[in-house]
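One structure is given here, and the rest of the page talks about it.
Chains as they are written, first to last, in our numbering: chain D, 1 to 333; chain R, 1 to 333.
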């Protein structure tokens, strides 16, 4: 993972500095609320994908041109986090209280809206750093398509919480919309910044989609068997919320009607720690974890193949993207 | 008002049809929630301004090119309404229950976010109906600047509710940001669609700003002396919420320290109907209404002068824009 680690560190610093400079205004409290989660950290996975893809395909010049777009996708991601935290009534994120916990729901809604607008503001600035007008417009339009998908995916996710007849196909569609589409956007924007042709843009989009869905499946797995001291997330959060994750859906489909009834009584807001732990055990025993990990690894391998097929302008970026596709499924947090 | 009425009717039908066709997708409930307030009606003031400005400056061809942008600003406006209603905990809008009242806060946040994205989607489509790439990109960037301003203005407004030392200058700045900037955007986009030069774009932007601020001041006035059976809004809503409106701020500045103390005790969430009515009377007696109406008329007159100075490609649209600047301050609802 050495190339990935090196690039990731450099890009994180670059993006953080860029955002600190760009996200300024008044009233102060609105900007504080908007920056709260960004400042609390995060993997900066999406800007890394924009910048590394641009660099792999077009070298350091493309990388420089892609910087505003990389910042834009990170801002977009943080907008979705602030609004999701309100919708999910989550109290903590990245080890700090969520925005609505600190400033209340109205200011949190507004902080998310401001970041939404800033994502477009930053992306629009790509036209000033050398991206031709037609490509800059295309970037903005692709960004828009992604946000529509994210919103649709988030709605699907919310609707699924109340349902039990969720097929794996529906789950994968939801995950693509909610999580995969923004990562797909990131690699597409990187490729567009490098002036890549449509075929390469599509292929790198496919890579992003695969990595994004694999990433989410791994998140689902860590939510059930991950060590909360390592992941930093409350144990059994998804089960407590009856979230329809892949391990759960797979295992549930293997249960008899009676077992299904019992399983449903073990999860949700009223369940005790012991019941949740029993539900997690059932998921593992019925193959939910191994099936999900197997699928995530398959997606990851297909993503690696795509990167391997690329003619690189920069070998380190290419290696980092290969490593990243492996990292998303092998990580422990 | 005959030209205004004629254009307004035609444009409303045009926009409604356009939006019905464009705002489609899944999950159904998300799109239903997003369309709820749009379907409930509204003045369609902002698309009217886009289309009439485009037509005045560039005739029917410019008007046709401007349609996606006109639809975009209406969608943007409705996004702000959905989120504002959550923030203000309003139960009704346009005679129907607000989105969060029907579908809950999470779905309402999401419905707003979806409309936000659709505003960009529609605006991006202006490039497909003949607007050159550079201008389409400019339109998207101006839209973004407006949304940043709206968010900042909404935050200022929220912060002002808890404050009493609000100067008229601060109030006017807030109203420009929160309300004026989107109307300014509308006329600017209309001018850009017509291929107008920078000077004309700026002048028409100034017209929009003046009309927007005058519109809001008139709203403030109607909130105090308007007939709720005509306005359709609950009586003394702003006073109950201790909103810092222009009539209130002006009258308050004329009170002695003791009168100020008394006045503050008459408004807010705990006040009785009788106390609110007494506060309204004080505002009127201390010149709050006549001062505000005077200022709104002054702004309206300046807006009329700007339109009069324009070389029109279409005389009816010009007349309608003159009438509109008068209408916003003379309306009773």
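Think of the CB as a built atom: it goes at the ideal place given N, C-alpha and C, for glycine as much as any other residue.
Worksheet entry | Where residue 68(D) falls: helix, strand or coil (DSSP) | Looking up residue 68(D) in the first chain gives position 68. Helix at residue 68(D).
Worksheet item: Three-state secondary structure (DSSP) at residue 106(D)?
Response: As a position in the first chain, residue 106(D) is number 106, starting the count at 1. Residue state, collapsed to three classes: helix.
Discussion item. Short of 8 Å in beta carbon distance, which residues of its chain neighbour residue 29(D), apart from the five on each side in sequence? Order them along the chain.
Written reply: Start at 1 with the first residue of the first chain, and residue 29(D) comes out as number 29. Excluding sequence neighbours, residue 29(D) sits near 103, 107.
Worksheet item: Among the residues of its own chain, which have a CB less than 7 Å from the CB of residue 4(R), if the five just before and after it don't count?
Response: Taking the first residue of the second chain as 1, we reach residue 4(R) at position 4. Counting only Cβ-Cβ distances below 7 Å, and skipping sequence neighbours, we find 320, 323, 324, 327.
Discussion item. Please state the DSSP three-state secondary structure of residue 96(D).
Written reply: Locating residue 96(D) in the first chain gives position 96, where the first residue counts as 1. Strand.
Worksheet item: What does a CB cutoff of less than 6 Å around residue 156(D) pick up in its chain, not counting 5 residues either side in sequence?
Response: If you number the first chain from 1, residue 156(D) lands on position 156. Closer than 6 Å at the Cβ level, and outside the excluded window around residue 156(D), lie 174.
Worksheet entry | Reduced DSSP secondary structure (H/G/I, E/B, other) of residue 256(D) | Counting from one through the first chain, the residue named residue 256(D) turns up at place 256. DSSP places residue 256(D) in coil when its eight states are reduced to three.
Discussion item. Suppose contacts are defined by Cβ-Cβ distances below 9 Å. Is residue 129(D) in contact with residue 54(D) by that definition?
Written reply: Here the question's residue 129(D) lines up with position 129 in the first chain. Here the question's residue 54(D) lines up with position 54 in the first chain. It is not a contact, given that the beta carbons lie outside the stated cut-off.
Item to complete: Please compile the residues from chain R whose C-beta is within a distance smaller than 7 Å of the C-beta of residue 337(D).
Response: Because chain D spans 1 through 333 in this model, residue 337(D) falls outside it and cannot be assessed.
Fill in: Rounded C-alpha distance that separates residue 131(R) from residue 268(R)
Here the question's residue 131(R) lines up with position 131 in the second chain. Here the question's residue 268(R) lines up with position 268 in the second chain. Looking at the two C-alpha atoms, the distance is approximately 49 Å.
Discussion item. Taking CB distances under 9 Å as the criterion, tell me whether residue 16(R) reaches chain D.
Written reply: For the purposes of this step, residue 16(R) is taken as residue 16 along the second chain, with counting starting at 1. Not closer than 9 Å to any Cβ of chain D, the Cβ of residue 16(R) fails to qualify, so no.
Worksheet entry | Neighbour flag for residue 151(R) against chain D, beta carbons, 9 Å | Residue 151(R) sits at position 151 when you count from the first residue of the second chain. So yes, residue 151(R) belongs to the interface.
Practice prompt. Give the interface partners of residue 157(D) over in chain R, defined as CB-CB distance under 8 Å, in chain order.
Written response: For the purposes of this step, residue 157(D) is identified with residue 157 of the first chain, where counting begins at 1. Residues of chain R passing the Cβ test: none, with the nearest at roughly 10 Å.
Practice prompt. Say whether chain R places a C-beta atom closer than 9 Å to the C-beta of residue 133(D).
Written response: Numbered from 1 along the first chain, position 133 holds the residue referred to as residue 133(D). Chain R contact via Cβ: present.
Discussion item. Give me, in chain order, the residues of the same chain whose beta-carbon lies closer than 6 Å to that of residue 190(R); leave out the 5 immediate sequence neighbours on both sides.
Written reply: To locate residue 190(R), count along the second chain from 1; it is residue 190. Taken in chain order, the residues that qualify are 50, 53, 54, 66.
Fill in: Supposed close pair residue 297(R), residue 329(R) - CB separation, criterion 8 Å
Within the second chain, numbered from 1, the residue matching residue 297(R) stands at position 297. Within the second chain, numbered from 1, the residue matching residue 329(R) stands at position 329. Indeed they touch by this definition, with Cβ atoms about 6 Å apart.
Worksheet item: Going along the chain, which residues of its own chain have a beta-carbon closer than 7 Å to the beta-carbon of residue 140(D), five neighbours each way excluded?
Response: In the first chain, counting from the first residue as 1, residue 140(D) sits at position 140. Around residue 140(D): 120, 123, 124.
Item to complete: Take residue 315(R) as the anchor and find which of 60(R), 186(R), 26(R), 21(R) has the nearest alpha-carbon.
Response: Residue 315(R) sits at position 315 when you count from the first residue of the second chain. Closest by alpha carbon: 60(R).
Worksheet entry | Neighbouring residues, chain R, relative to residue 141(D) (Cβ below 7 Å) | Looking up residue 141(D) in the first chain gives position 141. In chain order: 124.
Discussion item. Please tell me whether residue 208(R) and residue 184(R) are closer than 9 Å, where the distance is taken between their beta carbons.
Written reply: As a working mapping, residue 208(R) is identified with position 208 in the second chain. As a working mapping, residue 184(R) is identified with position 184 in the second chain. Against a cut-off of 9 Å, the Cβ pair of residue 184(R) and residue 208(R) comes out as a contact.
Item to complete: Pull up the distance between the alpha-carbon of residue 201(R) and that of residue 94(R), whole angstroms please.
Response: Locating residue 201(R) in the second chain gives position 201, counting from the first residue. Locating residue 94(R) in the second chain gives position 94, counting from the first residue. Those two C-alpha atoms are separated by around 32 Å.
Practice prompt. Select from 318(R), 254(R), 116(R), 71(R) the residue whose C-alpha is nearest the C-alpha of residue 6(R).
Written response: The residue you call residue 6(R) lines up with position 6 of the second chain. Considering only alpha carbons, the answer is 318(R).
Item to complete: Taking C-beta pairs closer than 7 Å, name the residues in chain R that residue 154(D) reaches, listed in chain order.
Response: Indexing the first chain from 1 puts residue 154(D) at position 154. In chain order: 110.
Discussion item. Are the CB atoms of residue 56(D) and residue 341(D) within a distance shorter than 9 Å?
Written reply: The requested residue 341(D) does not occur in the structure, where chain D is confined to residues 1 to 333.
Discussion item. Quick check on the DSSP output: what are the complete alpha helix (DSSP H) runs of length 4 or more inside the region 155-224 of chain R, in order along the chain?
Written reply: 168-175, 181-193
Worksheet entry | Collapsed DSSP secondary structure at residue 309(D) in the structure displayed | On the first chain, residue 309(D) is found 309 positions in, with the first residue counted as 1. DSSP places residue 309(D) in coil when its eight states are reduced to three.
Practice prompt. Count the CB pairs spanning the region 30-42 of chain R and the region 74-93 of chain R that are closer than 8 Å, and state whether there are at least three.
Written response: yes
Fill in: C-alpha gap between residue 167(R) and residue 1(D), whole angstroms
In the second chain, the residue the question calls residue 167(R) occupies position 167. In the first chain, the residue the question calls residue 1(D) occupies position 1. Looking at the two C-alpha atoms, the distance is approximately 58 Å.
Worksheet item: At a Cβ threshold of 9 Å, is residue 136(R) touching chain D?
Response: Working through the second chain from its first residue, we reach residue 136(R) at position 136. Output row for residue 136(R): interface = yes.
Worksheet item: Does the region 278-298 of chain D come close enough to the region 210-230 of chain D to have 3 or more Cβ pairs within less than 8 Å?
Response: yes
Practice prompt. Give a single yes or no on whether residue 218(D) has its beta carbon closer than 8 Å to a heavy atom of the ligand GTP.
Written response: No copy of the ligand GTP appears in this structure; indeed no ligand is present at all.
Fill in: Cβ-based neighbour list, residue 237(D), same chain, cut-off 7 Å, excluding 5 preceding and 5 following
In the first chain, the residue the question calls residue 237(D) occupies position 237. Result list for residue 237(D): 223, in chain order.
Worksheet item: Can you check whether the CB of residue 251(D) is closer than 9 Å to the CB of residue 284(D)?
Response: Within the first chain, residue 284(D) is the residue found at index 284, counting from 1. Within the first chain, residue 251(D) is the residue found at index 251, counting from 1. In contact: residue 284(D) and residue 251(D) (Cβ atoms closer than 9 Å).
Worksheet entry | CB contact check: residue 40(R) to chain D, cutoff 9 Å | Position 40 of the second chain, counting from 1, holds the residue named residue 40(R). Not an interface residue.
Worksheet item: For the putative contact between residue 248(R) and residue 287(R), defined by C-beta atoms under 8 Å, what is the C-beta separation to the nearest angstrom?
Response: Working through the second chain from its first residue, we reach residue 248(R) at position 248. Working through the second chain from its first residue, we reach residue 287(R) at position 287. In fact, because the Cβ distance is near 12 Å, the residues do not count as touching under 8 Å.
Worksheet item: Roughly how many angstroms separate the alpha carbons of residue 159(R) and residue 274(R), rounded to a whole number?
Response: Position 159 of the second chain, counted from the start, is the residue given in the question as residue 159(R). Position 274 of the second chain, counted from the start, is the residue given in the question as residue 274(R). Rounded to the nearest angstrom, the two C-alpha atoms are 27 Å apart.
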